[in-house]
Amino acid sequence: METSGEQTAADVWARVKRRLRAELGEDIFASWFGRLELDSVVEGCAYLTVPTRFLKSWIESHYVDRVLSVYRSEAKDVERVVIGVRNSLGRESLPQRRTSDMSRPSTPAPMPMTAQASEPKVPSLALPHEERTENSDLGGAPLDPRLTFESFIVGRSNALAHAAADRVAHAPNGQVIYNPLYLHAGVGLGKTHLLHAIGHEMRTQGRRVIYLTADRFMYGFVASLKAQTSLAFKERLRGIDLLIIDDVQFIQGKQIQQEFGHTLNALIDAGRQIVIAADRPPADLENLDERVRSRLAGGLVVEVTALDEALRTSILTTRIEALKSIHPTFEVGPNVIAYVARSITANGRDLEGAVNRLLAHATLTGSAITLETAEIAIRDLVRNREPKRVKIEDIQKLVASRYNVSRSDILSERRTAAVVRPRQIAMYLSKVLTLRSLPEIGRRFGGRDHTTVLHAVRKIEKALGEDHALSDEVELLKRMLQE
Ligand SMILES: Nc1ncnc2c1ncn2[C@@H]1O[C@H](COP(=O)(O)OP(=O)(O)OP(=O)(O)O)[C@@H](O)[C@H]1O
């Protein structure tokens, strides 16, 4: 049931979006804010979500101050804006596990899927009440009760990471081993799962554990700076046994990085265990200072590689078995499991989504899952994984909106610097992201000659090697176009 409070927050959010659209213009708004949604407003913090990490990092690095100031002009009590990524398949959809920890709020059992199945409810970013203690004072995020060692399936790709996590979590006499333990992997391969598992395990041993995402670390620090309690923040972190930081690649801002470095040093020197996860190895964390990178690399660095078919099959089988305790009639034959394991290769999150889609079909049709129904049920997940075809028109639109020119400027004869550079970038992106030939690209850029396109491509290639900011920018544009 909606409360009037929720309605007010939704009204404010609608006004914020209207203002952003008016201030930034339709193009920019549609490119970056069209999929930004309000999750909740808790204690002066507006939690907003977007569907991809890329959008999150883009908005954070380019627009977060703007969003906050517009928000504040509509709602004075909002002091912070935190942007999270909506889990595309929703963590809620994990099977409910029986845990001994009955004090935690139980998580809803998997929902039968309906037409909204592919866009399930966004998990709330707000902390459950039980977690609003020491953990929330430090900006800590709750641990998901479902992400435990018991529910983690070990296979070739994650055996080393699992063994290291297990050793850290079960170290005798609170010993500190591999400090920091640094896990890295692509999206959805189980890093967060292992971090939470370590956290749960150490909490059950009565150890003091703080789990922070990079956002929470940054906002925790900024908030305590504002309140002039940064010393206390550091000191309190030093009083814990285990600090877990997830998605460390998102830590940005000079002062925050420094603080992060100090915190690492202080905790490691004080013999506290640190466990970190990121989407890349320490050496590739371009945002971070060299000293911090080498500190991160100084413990044990382990990569989780892509889930192989045997592991995918085990994850699917275990999930389906777990769901059967709630939906006893849910039957999925080994041939269907094998088909799903072969088709969904990307990550654990998509496997979870596939199982939920199978459950939805089984529940809605009341019949057993066959290969044909499985194929229909997971079609969108399989299709989404095919590399996206990028259109030149989309490149032109995106680049134009990014550089505040119009698409017709890009196609025009105009030769002012404000137009030439974006045009060259758009040509370069067309060359590297599409299969079009140089003459074809030239034709689509207002009927230009192929040598003009070649010149633009070479020019941008050269500039990318010399200008890091440009190279980051172009990389972001590429990712945005390919998402
Ligand atoms: N080995 C595994 N056993 C069981 N579940 C797994 C395993 N690997 C991944 N999963 C599941 O896949 C989903 C995604 O995993 P997780 O959130 O840990 O990924 P991640 O590597 O942290 O991804 P991201 O970088 O997007 O945060 C979770 O539901 C997790 O439980």
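For the sequence shown, position 246 matches number 233 in this note's numbering, and the numbering has no gaps at all.
Even for Gly, the Cβ is constructed at its ideal location relative to N, Cα and C.
Predicted, not measured: the structure shown is a model, and the values here were computed from it.
The beta carbon of P269 sits closer than 7 Å to those of Y169, R280, L283, A284, V288, all from its chain and outside the five residues before and after it, given in chain order. In the DSSP assignment, G71 falls within the beta strand (DSSP E) that extends over 67 to 72. Nearest in C-alpha terms to R466, of all of R2, R40, R8, is R40. Checking the 7 Å criterion, the Cβ of V174 is within range of a heavy atom belonging to ligand 1. Secondary structure note for V262: its beta strand (DSSP E) is the uninterrupted segment 260 to 265.
Shown here, Y169 sits in a strand according to DSSP, grouped into three states. In this structure, ligand 1 has no non-hydrogen atom nearer than 7 Å to the beta-carbon of G71.
The C-beta distance from E24 to L35 rounds to 7 Å, short enough to meet the 8 Å contact threshold. Taking 7 Å as the cut-off, one finds at least one heavy atom of ligand 1 near enough to the beta carbon of E339. Taken from the Cβ of N343, every heavy atom of ligand 1 lies 7 Å or farther away. Note that the C-beta distance between D276 and Q244 is below 8 Å. Scanning its chain for C-beta atoms nearer than 7 Å, with the 5 sequence neighbours on each side dropped, one finds around R431 the residues I379, in chain order.
Ranked by how close their Cα comes to the Cα of S144, the residues A293, V392, I197 have A293 in first place. Of all alpha-carbon atoms in S399, K446, V327, S312, the one lying nearest the alpha-carbon of E362 is that of V327.
Rounded to the nearest angstrom, the gap between the Cα atoms of A17 and E290 is 37 Å. DSSP, reduced to helix, strand and coil, places I140 outside both helices and strands of the structure shown, so it counts as coil. Secondary-structure assignment with DSSP links E290 through a beta bridge to H171.
Around the Cβ of I313, a 10 Å sphere holds fewer than 16 other Cβ atoms; the residue is exposed.
In this structure, the C-beta of T179 approaches ligand 1 to less than 7 Å from one of its heavy atoms.
In this structure, DSSP gives Y34 an extended state, which the three-state scheme calls strand. Assignment of beta-bridge partners to D256 by DSSP yields no partner. Per the coordinates, the alpha-carbon of L230 lies some 20 Å from the alpha-carbon of R133. DSSP, read as helix, strand or coil, puts V57 in helix. If you check the C-beta of S44 against ligand 1, you find no heavy atom less than 7 Å away.
DSSP, read as helix, strand or coil, puts S27 in strand. In the DSSP assignment, the residues bridged to I232 are L199, I263. Assignment of E400 by DSSP, reduced to helix, strand and coil, places it in the coil class.
Non-local beta-carbon contacts of D436 in its own chain, meaning distances under 6 Å to residues more than five positions away in sequence, involve G429 in chain order. DSSP places L425 inside the alpha helix (DSSP H), whose first and last residues are 425 to 431. Contact annotation: V155 and I197 have beta-carbon atoms that are not nearer than 8 Å.
C-alpha of R410 to C-alpha of K449: approximately 16 Å in a straight line.
Counting the other CB atoms within 10 Å of its CB gives E359 a total below 16, which places it among the exposed residues.
N160 counts as exposed, since fewer than 16 other beta carbons sit within 10 angstroms of its beta carbon.
DSSP places I185 in the helix class (H, G or I) of the three-state scheme. Rounded to the nearest whole angstrom, the CA to CA distance from G173 to D266 is 5 Å.
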